[in-house]
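Going down the list, the protein sequences come from chains A and H.
Quick note on our numbering: the first sequence kicks off at 556 and runs consecutively.
Quick note on our numbering: the second sequence kicks off at 1352 and runs consecutively.
In this text, a Cβ means the ideal position worked out from N, Cα and C, and glycines have one as well.
Okay, structure first, notes after.
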Amino acid sequence: MTSPPVTGPAAVPEHRGGPGPARFRPRRATPAGTARPKRRGLLKYWRQYLAISPFYLIFAAFSFFPVFYSLYLAFQRWDGMGTMQFVGLQQFRFLWDDPVFWLSIRNTLVIWVLSTVPTLLGALVLATLLHSVRRFKGFYRIALYVPNVTSIVAVAIFFGAVFSNNFGLVNAILGTVGISPVPWLSNPWLIKVVIALLMTWMWTGYNMIIYLAGLQAIPTSIYEAAKMDGAGPVRTFFQITVPIMRPIILFTVIISTINGLQSFSEPQVLFASNAANANLGGPGQAGLTTLLYFYQSAFLNNDYGYGAAIVWAFFLLIVVLVVVNWRITTRGRKG
Amino acid sequence: MTAVDDTTHRAPRARRLRRPKGLTAHIVLMLSVVISIFPFLWTIVMATNTTQDIYKSPPKLTFGSHLLENIRHVLHTIDFFGSMFNTIIVACATTVLVLFVDSLAAFTFAKFDFPGRKVLFGLLLLFMMLPLQLAILPQFILMSKIGWVGMLKALIPPALANAFGIFWLRQYIENGVPDELLDAARIDGAGFFRQYWNIALPMIRPALSFLAIYAFVGAWNDYVWPLVVLTNPAHVTLQVELAQLNVGHTTDYSMVMAGVLMAALPLVVVFAVFARGFIAGATEGAVQGT
């Protein structure tokens, strides 16, 4: 990413007055060889520090500090009003024995697999096809990307209407073929399928655009050479396109892992849960994702310590999954 | 590695085969476009008919004439324009601030060296990967400590911690703003902030417009944080209001769908207008980001 002339901060003083176009140059060049006192050196950069400070201040206050404060909270018992009480690992022990937590983890993982696999495969196929055609390219790109700019709330309401057990369009269509109504929004598996379909619809176009960018960066001479050697389209795809695209595929796998495991709004809106409706996550809690369970514990039950424990346990799970995914995706290259 | 005469045999055959393959590609792509566009059309169908028409078996499949009536119901049931106004304010404020904060930091990271630069940027990359949900609960506690719970301004600071914007703009500035130009400006006596404002900013306008749409869409569609922090039901954003419309009125689908249509349409229009530049920007960022 960075070009060779870049020098690390430690090496800067020697290079500063030297010849050659240093890419990142200080505002005022100091004569070569003059060592400046450290404090003056830092003060000299006050404009740069001032320029990046707004971001880092906001970041520290609203991201950095909260992330670690939630770790601290996970070892407390607190309802947000009274006094905080240190309980050690009790919240995590509780979590370990909590069947609803494990149910939510299972739900999240199933929804994640059911949505990520078709999303990424579909995106790769569509990107390859889109890369191969000449006409209507711009139209396809825009039309396939549009789902991603629609709000999850609107999409979830729409899916709820279309997959409604009694009056939904899907069951109406199935009815005309003579199939009896399918309980889309009450069967524990079908609930997950509907949520996964929703996410697939929203994210395929997004990933397609990323893959397309990768495909466009592959020089056509490679394909011409493959064709000269007599490789068919399928073989070209698996032996040239996929290996070259590996870093980009890895990138999308990681992004989808992080995004896909954070499903919250979809089941929350789909099953119209609010404080009055205890049935969070739909019938049998089949759509209760971990973040939805966190929301319920922290903001509906005001159990801040437990909520914090849930998100941290969940975060560790995401880390494990990202590492495993990374391993799987990069293994072929080393082997 | 086959013999030369073999390859000359194959080349014309491959060319002859490509035509039907192109057709299949178009068919598959067209079908995908239909799937991707269909929900919008079907939302319009549902929003322009009465609930009875939708519930009928088989349901009515054509556009109806009850749109205005349904819209009137929506306006009657929820404070649509009030919440939309809230959303517009928040989205605009967030977008402007994100553009300023991120471009200034990105410019600094791309074109200047200063002690700690690498560490600070690495920190930024690291935290770009942290799931924001880890921070929601303490953010809420923080907001209640400073008394911002229930207020629109509570939505803005968390949205400003946008590490992606800095990362993305930095790539663009590094290649898009020539060093020579900054040198020339410096010789002419332009200080750091003049170089940023008068030279870098005008040159990175395409990147800024991409980030603007990205930030605006994100702020417009945000749901989780507004749901948590906007505790006053009379003062919420459009997405929260829309979800409420769905909770209370599941029996009146055509009205709910009219609300969905009204809430989704402005953004789809904005996207359609800027789509070309936006997708070009997204593509560029994706290639450079990996």
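Counting only beta-carbon separations shorter than 9 Å, does residue i have a partner in chain A?
i: H/P1482; result: yes
i: H/N1597; result: yes
i: H/D1603; result: no
i: H/M1608; result: yes
i: H/S1495; result: yes
i: H/A1666; result: Because chain H here runs from 1352 to 1641, residue 1666 of chain H falls outside it and cannot be looked at.
i: H/A1444; result: no
i: H/T1433; result: The question names Thr, but residue 1433 of chain H is Gly in the sequence shown. Not an interface residue.
i: H/G1415; result: no
i: H/T1459; result: yes
i: H/T1634; result: yes
Can you list the residues of chain A that residue i reaches, using a CB-CB cut of under 7 Å?
i: H/Y1523; result: Those do not exist, as H/Y1523 stays about 12 Å from chain A at its closest Cβ, beyond 7 Å.
i: H/V1611; result: A709, I712 and F713
i: H/A1626; result: I697
i: H/H1377; result: V688
i: H/A1456; result: A606, I607 and F610
i: H/F1622; result: V701 and V704
Please state the DSSP three-state secondary structure of residue i.
i: A/F641; result: strand
i: A/Y850; result: helix
i: A/N703; result: helix
i: H/W1499; result: coil
i: H/K1411; result: coil
i: A/Q817; result: coil
i: A/Y624; result: helix
i: A/L876; result: helix
i: H/N1437; result: helix
i: H/N1400; result: coil
i: H/F1491; result: helix
What does residue i pair with, by DSSP beta-bridge criteria?
i: A/Q631; result: A/F641
With a cut-off of 9 Å, does the C-beta of residue i fall near any C-beta of chain H?
i: A/Q646; result: no
i: A/R582; result: Its pLDDT being 44, under 50, A/R582 is placed unreliably by the model, and the measurement read from it follows with that caveat. A/R582 counts as touching chain H.
i: A/P621; result: yes
i: A/Q840; result: no
i: A/A727; result: yes
i: A/Q794; result: no
i: A/A863; result: yes
i: A/F614; result: yes
i: A/A853; result: yes
i: A/L843; result: no
i: A/Y778; result: no
i: A/L664; result: no
i: A/W867; result: yes
Give the residues of chain A in contact with residue i, contact being defined as C-beta atoms less than 9 Å apart.
i: H/W1393; result: F713, A716, V717 and L724
i: H/S1387; result: A698, L699, Y700, V701, P702, W756, T759 and G760
i: H/L1471; result: I607 and Y611
i: H/I1405; result: A716, F722 and L724
i: H/V1441; result: Those do not exist, as H/V1441 stays about 14 Å from chain A at its closest Cβ, beyond 9 Å.
Interface residues of chain H around residue i at Cβ under 7 Å?
i: A/I707; result: N1572 and Y1574
i: A/Y695; result: L1380 and V1384
i: A/L740; result: Chain H residues near A/L740: none, gap ~11 Å exceeds 7 Å.
i: A/W657; result: Result: empty, since nearest Cβ-Cβ is about 19 Å, beyond 7 Å.
Taking residue i as the query, report the chain A residues whose CB atoms sit under 8 Å from its CB, ordered along the chain.
i: H/T1401; result: The contacting residues do not exist; H/T1401 stays about 13 Å from chain A at best.
i: H/M1479; result: Near H/M1479 there are no residues of chain A at all, since even the closest Cβ is about 10 Å away, more than 8 Å.
i: H/M1397; result: A716
i: H/V1619; result: V701, V704 and T705
i: H/D1453; result: F610
Which residues in chain H sit within 8 Å of residue i, going by Cβ to Cβ distance?
i: A/T731; result: P1409
i: A/Q518; result: Nothing about residue 518 of chain A can be reported from this structure: the residues present for chain A run from 556 to 890 only.
i: A/S618; result: F1478, L1481, L1483, A1486, P1509 and A1512
i: A/I734; result: Going along chain H, no residue has its Cβ under 8 Å from A/I734, so there is no contact; the nearest lies around 13 Å.
i: A/L770; result: Neighbours of A/L770 on chain H: none; closest Cβ ~10 Å, over 8 Å.
Taking 7 Å as the limit between beta carbons, can you name the residues of its chain near residue i, skipping five residues before and five after?
i: H/M1397; result: I1405, Y1604, S1605 and M1608
i: H/S1416; result: T1399
i: H/A1551; result: F1458, I1524 and V1528
i: A/P702; result: W756, M757 and G760
The ligand GDP heavy atoms versus the CB of residue i: any closer than 8 Å?
i: A/L825; result: The ligand content of the structure shown is nil, which means the ligand GDP is not present either.
Once the 5 residues before and after residue i are set aside, which same chain residues still bring their CB inside 8 Å of it?
i: H/N1549; result: A1536 and A1541
i: H/F1491; result: V1500, V1579 and V1580
i: A/V725; result: V717, F718, V737 and W739
i: H/N1437; result: L1503, H1586, V1587, T1588 and L1589
By Cβ distance, which residues of its chain are closer than 6 Å to residue i, with the 5 residues on each side in sequence left out?
i: A/I799; result: I773
i: A/G769; result: M800 and I803
i: A/E569; result: Because A/E569 carries a pLDDT of 38, less than 50, the predicted location of this residue cannot be relied on, and the following value inherits that uncertainty. Excluding residues within five positions, none has a Cβ falling inside 6 Å.
Along chain H, in chain order, which residues have C-beta atoms closer than 9 Å to that of residue i?
i: A/F849; result: Q1484, I1487 and L1488
Original post:
What residues in the stretch 1507-1523 of chain H have a beta carbon less than 7 Å from any beta carbon of chain B?
Top reply: Of the chains in the structure shown, none is chain B; the protein chains are A and H.
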